[in-house]
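Per the working numbering, the sequence shown starts with residue 1, numbered consecutively.
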Amino acid sequence: MSDSTDTTGRTVTQSRRRFLALSGTTAATAIAGCSGLLSGGGGGDGGSDGGTGTDSGTGQISLADFRGSGPLVAQRDAPGGTSIEELPDLSGELTLYLGGGEGGLYLDLINLFEQLYPDFTANHRLEASSDLANTIIEENEAGASPADVFMSIDAGSLGAVANAGATASLPEEALSTVPEAYQDSEGRWVGIAGRARAIPYNTNQISESDIPSTVQEFPETAALENSMGWAPSYGAFQSFVTAMRLIRGDDETRAWLQAMQDHGIETYPDEFRVSNACADGELTAGFANHYYTLRVQSARENAPIGLAFTEGDAGALVNVSGLEIINGTDNADLASNFVRHVLSAEAQEFFATRTFAYPMIPGVAPVGDLPRIDDLNPPDINLTELADVAGTVDLLRDAGVL
């Protein structure tokens, strides 16, 4: 973490607003002073190049297997942090509850672990995060859950399980690598990948100066009238509204939702479509997680799409995917080792370059021209409190948004 951060992991610099029109490339840098797994794979071409392999497992895994491909990934430095090579081998059978829409992408990481360690098997159950959280809570109340680890794209679901007393302690070696803002204050869950709320916008239609610094100003911004989009049925949007409820209360949040509708906002089924619509010129701007803009840029290198971040409000929320060890597991040592692997340099490079999420450890940079996570200005809220999604859905329905 840089010297401009406080003890919570958030920045304290005077100006923390960052806007970018994604360039699609990064400056060329050399990889030096690395050995073993971290030296394999070159400049982000994806797939295995034979690499140097490892001393354990199949010997066929290199950094290139963890790293994504495309213009946003080209010519990256080797990631810093604890390498997988420095950790004990994964060995044994782990039962993993995997929650959320990004779960399919995370399975690719788990498959890499299984390739690297022939004696390791991860049995997984993939469902919505909130459904799995409720399942774990019910199983815990009945005696014990068969799950060893719960990996979720939603901090609120992790918090619900932790608050129900269904989690075991996480290894200090893992907690110490992640900023305090992105883990539970009692060490019951830890973030593994971050996603920032952001404003994708069409660079042919508006400039950075046309975008307000807080979402509260959007309903009064003439340049955005009848030209914005959102995806209110999407979980990430509902977490954003939950954050607004925590900061401003239900009445003010309801009033903002109504004002945005009066301002003329279009509804989409998901935030990737919102971001694509901005690139197409169908929308001037929208509300979406930051990585959807990067996915558009990666697929359409010259697309006229930029990305803006608001300051200190719900629109600047940085939420996390994370994991926790389930109480009563018979595989505590393996589960702890698995957590450390997910926070290794290679796994964090996977999240940064394959999913375009924010890495959780300081040694791994985000892709492209994204500001680092500690240069953002998120609101000062406890992510565990995002668990009240049901109240948010009720409010969205009451406001006529759903």
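The beta-carbon is built from N, C-alpha and C at its ideal position, and this holds for glycine as well.
- Query: Does the Cβ of residue 22 have 16 or more other Cβ atoms within 10 Å, making it buried, or fewer, making it exposed?
  - Reply: If you number the sequence shown from 1, residue 22 lands on position 22. Any reading at residue 22 must be qualified, since the residue scores a pLDDT of 36, below 50, and its modelled position is unreliable; the value itself is stated next. Here residue 22 is buried. Its C-beta has 16 or more other C-beta atoms within 10 Å.
- Query: With a CB to CB cut of under 7 Å and the five nearest residues on each side skipped, what residues in its chain are close to residue 136?
  - Reply: To locate residue 136, count along the sequence shown from 1; it is residue 136. Same-chain partners within the cutoff: 97, 145, 147, 150, 161, 166, 326.
- Helix, strand or coil for residue 183, going by three-state DSSP, please let me know. Against the sequence shown, residue 183 aligns to sequence position 183. Three-state DSSP puts residue 183 in a strand.
- Query: In its own chain, which residues sit with a C-beta less than 6 Å from the C-beta of residue 274, not counting the 5 before and 5 after it?
  - Reply: Against the sequence shown, residue 274 aligns to sequence position 274. Contacts found: 229, 231, 268, 286, 288.
- Would the region 375-383 and the region 303-319 be scored as touching if the rule is three or more Cβ pairs under 8 Å? yes
- Under the three-state reduction of DSSP, which class applies to residue 253: helix, strand or coil? Residue numbering aside, residue 253 sits at position 253 when the sequence shown is read from its first letter. In the structure shown, residue 253 sits in a helix (DSSP, three-state: H, G or I).
- Task: Compare the C-beta of residue 208 with all C-beta atoms of chain C and state if any pair is closer than 8 Å.
- Result: In summary, chain C is missing from the structure at hand, where a single protein chain is found.
- Query: With contact counted as at least three CB pairs below 8 Å, one residue from each stretch, are the region 104-118 and the region 365-380 in contact?
  - Reply: no
- Entirely enclosed alpha helix (DSSP H) segments - the region 319-391, minimum 4 residues: 332-342, 345-354
- Message: What would DSSP say about residue 136, mapped onto helix, strand or coil?
- Response: Position 136 of the sequence shown, counted from the first residue, corresponds to residue 136. Of the three classes helix, strand and coil, the one that applies to residue 136 here is helix, per DSSP.
- Grab me the residues of residue 159's own chain with a C-beta within less than 6 Å of its C-beta, minus the 5 sequence neighbours each way, in chain order. Your numbering for residue 159 matches position 159 in the sequence shown. The beta carbon of residue 159 sits closer than 6 Å to those of 384, 387, all from its chain and outside the five residues before and after it, given in chain order.
- Unbroken alpha helix (DSSP H) run spanning residue 173, endpoints: The sequence position of residue 173 within the sequence shown is 173, counting from 1. Here the alpha helix (DSSP H) through residue 173 covers 172-175.
- Message: Just to confirm, is the Cβ distance from residue 78 to residue 94 under 8 Å?
- Response: For this step, residue 78 is matched to residue 78 along the sequence shown. For this step, residue 94 is matched to residue 94 along the sequence shown. Their beta carbons are not under 8 Å apart, which means residue 78 does not touch residue 94 by this criterion.
- Task: Would you mind sorting residue 397 into buried or exposed? The rule is 16 or more other CB atoms within 10 Å of its CB.
- Result: Counting from one through the sequence shown, the residue named residue 397 turns up at place 397. Exposed, because fewer than 16 other Cβ atoms sit within 10 Å of the Cβ of residue 397.
- Query: Below 8 Å, can you find three or more Cβ-Cβ pairs linking the region 335-347 to the region 167-179?
  - Reply: Yes, they touch.
- Buried or exposed: which applies to residue 337, given that a residue is buried once 16 or more other Cβ atoms fall within 10 Å of its Cβ? Position 337 of the sequence shown, counting from 1, holds the residue named residue 337. By the neighbour-count rule (16 or more Cβ atoms within 10 Å), residue 337 is buried.
- DSSP-derived helix/strand/coil call for residue 393: Position 393 of the sequence shown, counted from the first residue, corresponds to residue 393. Residue 393: helix per DSSP, three-state reduction.
- Message: On the DSSP letters alone, give me the boundaries of the beta strand (DSSP E) that residue 149 sits inside.
- Response: Taking the first residue of the sequence shown as position 1, residue 149 is located at position 149. 149-152 is the extent of the beta strand (DSSP E) around residue 149.
- In whole angstroms, what is the alpha-carbon distance linking residue 58 and residue 117? Residue mapping note: residue 58 aligns to position 58 of the sequence shown, counting from 1. Residue mapping note: residue 117 aligns to position 117 of the sequence shown, counting from 1. Confidence is the limiting factor: at residue 58 the pLDDT is only 47, short of 50, which leaves the residue's position unreliable and the question unanswerable from this model.
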